[in-house]
Every structure is written in structure tokens, then in C-alpha cells.
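Using my numbering, you'd call the opening residue of the sequence shown number 839 and step up by one each time.
Ideal Cβ placement from N, Cα and C applies to all residues, glycine included.
What follows is a short report on a single structure.
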Amino acid sequence: MSSVDIFIEKDYAVISSFEEDARDFVLKVNELMQQGWKISGGISSSNNKIFQALIKDSK
Numbered sequence: 839m840s841s842v843d844i845f846i847e848k849d850y851a852v853i854s855s856f857e858e859d860a861r862d863f864v865l866k867v868n869e870l871m872q873q874g875w876k877i878s879g880g881i882s883s884s885n886n887k888i889f890q891a892l893i894k895d896s897k
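This is the structure in C-alpha cells:
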């Protein structure tokens with residue numbers, strides 16, 4: 839079972855998943871980018887999980 843977690847607070851988001859769910863992770867990051875979110879920094883990883891931060895202009 840695939841699991842991608844998204845934590846969103848106003849104009850900042852963190853998305854995470856286990857490495858084996860990388861395909862779903864990428865799809866979700868792309869989906870957020872199509873909604874106006876922008877990548878902030880690079881991917882990080884810890885304990886078999888990958889993370890990506892995103893920001894959104896609150897204009």
C-alpha cells in the first residue's frame with residue numbers, strides 16, 4: 839500500500855513518503871506544483887523516508 843503524507847500550513851508544505859513509494863511521491867509533488875506550489879530546496883532523506891518542502895505565494 840502506497841503512502842504519501844502531506845503537511846500544509848498556509849504557504850508552506852512538506853511532503854514525505856517511504857523510498858519504495860517514490861513514484862507516488864513524485865506524482866503528488868507534481869500535482870502540488872500544478873496547483874501553484876514551488877519547490878523549496880532539494881529532497882532530503884532519513885530512515886528510508888524522502889522529504890520535499892514546497893512554498894506558495896500568498897498574494
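Residue i: first and last residue of the uninterrupted beta strand (DSSP E) it sits in
i: LYS876; result: 876-884
i: GLU858; result: Unbroken run through GLU858: none, as it is neither H nor E.
i: GLN849; result: A quick correction: the sequence has Asp, not Gln, at residue 849. Note, ASP849: premise wrong, no beta strand (DSSP E); not H, not E.
Span separating the alpha-carbon of residue i from that of residue j
i: GLY874; j: PHE863; result: 17 angstroms
i: VAL867; j: ARG861; result: 10 angstroms
i: GLN890; j: GLN872; result: 15 angstroms
i: ASP843; j: ILE881; result: 15 angstroms
i: GLU858; j: VAL852; result: 18 angstroms
i: ILE846; j: LYS894; result: 10 angstroms
Assigned secondary structure, residue i (DSSP; H/G/I helix, E/B strand, else coil)
i: LYS894; result: coil
Strand pairing of residue i, partner residues [DSSP]
i: LYS866; result: None, per the DSSP bridge assignment.
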